[in-house]
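What follows is a short report on a single structure.
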Amino acid sequence: MEQSLIYLAGALLMGFGAIGSSLGIGILAGKYLEGVARQPELQPLLMTQLFISLALVDAVPMIAVGISLYMIFAL
Amino acid sequence: MGGIGFIPVRFGIFLDIEPPLNRIIVTQAVATVFIAGICLFFSLAAAYSALLGGLVCFVPGYLAARVVVVKRDRQDILLADTGMRPVISSVLRKWTLSVMLFIATFKLVKTLEVLFFFGVFIGLQLVYVAVPLIEANRLRRAKAGKNG
């Protein structure tokens, strides 16, 4: 029972983290594509900024995945 | 390339990644070693937990940055590619590698100090915010100095 609750908590952590980050990444990628469509010559610069912003948006679900994997594998 | 910002970038393997990506990578690497050194005052387990937390954050980020830069430079501009392909590919690799490193750490390291591990991991994720902010502030100050 206790182990199954841990698995459930881990799954919830990953799932809610994924919802938030997918919304963020969707908005970010949409804005990036708009920017590239308006000014294609800025694409390399925008891509670097996109990558940094993506890493930032990725950070929170990555932490959630880390904690949930800890709960699943180490607890 | 490098050596102009607030952290001098003179490491050979980082030279093929442009600023500000290389500054983020170097800051993470230096911070990992520095924090692990400080954690040695607590215990050996704390030090290697901090080191592992830093590596789990730093290694996938570095490899993803390399994939983005290398694939972007290879792509044909005449194809009018939006550049999303290398980014998606690098993010997928970063996630896969991160999950594998997490599982390997939790499975193989029995005496892990979780607080130090996640503390360093979360702290290093903040570098993605801190470095561009410091760079922007530096540029703003330089511009204000030039105008005023």
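Going down the list, the sequences are from chains A and B.
For the record, in the first sequence the residue sitting at position 57 is 57 according to my numbering, with numbers rising by one throughout.
For the record, in the second sequence the residue sitting at position 61 is 136 according to my numbering, with numbers rising by one throughout.
From the three backbone atoms N, C-alpha and C, an ideal C-beta is built for every residue, glycine too.
For clarity, every value in this text was computed on a predicted model and none was experimentally measured.
DSSP places Glu34 of chain A in the uninterrupted alpha helix (DSSP H) bounded by 2 to 38. Ala125 of chain B is not a Cβ neighbour of Ala104 of chain B, given a cutoff of 8 angstroms. Within the region 31 to 55 of chain A, contact with chain B at the beta-carbon level (separation under 9 angstroms) is assigned to Tyr32, Leu33, Val36, Ala37, Pro40, Gln43, Pro44, Leu46, Met47, Thr48, Gln49, Leu50, Phe51, Ile52, Ser53, Leu54, Ala55. Following the DSSP letters along the chain, one finds Ala74 of chain A in no alpha helix (DSSP H), marked with neither H nor E. Under the Cβ distance rule, Gly17 of chain A does not count among the residues neighbouring chain B, no pair being separated by less than 8 angstroms. Three or more beta-carbon pairs separated by less than 8 angstroms are not found between the region 125 to 139 of chain B and the region 206 to 219 of chain B, which leaves the two stretches without contact. By the C-beta criterion, the region 53 to 65 of chain A is judged to be in contact with the region 168 to 188 of chain B, since at least 3 inter-stretch pairs fall below 8 angstroms. Ranking A:Leu50, A:Ser21, A:Leu75 by CA distance to the CA of Ala139 of chain B puts A:Leu50 first. According to the DSSP assignment, Lys182 of chain B belongs to the alpha helix (DSSP H) that extends over 159 to 183. Among the residues facing chain B, Tyr7 of chain A is not included, as its CB has no counterpart in that chain under 8 angstroms away.
Distances from the CA of Thr102 of chain B to each of B:Val204, B:Glu188, B:Asn212 were compared; the closest alpha carbon is that of B:Val204. Separation of the CB atoms of Leu190 of chain B and Thr180 of chain B is rounded to 14 angstroms, and the pair is thereby denied contact status at 8 angstroms.
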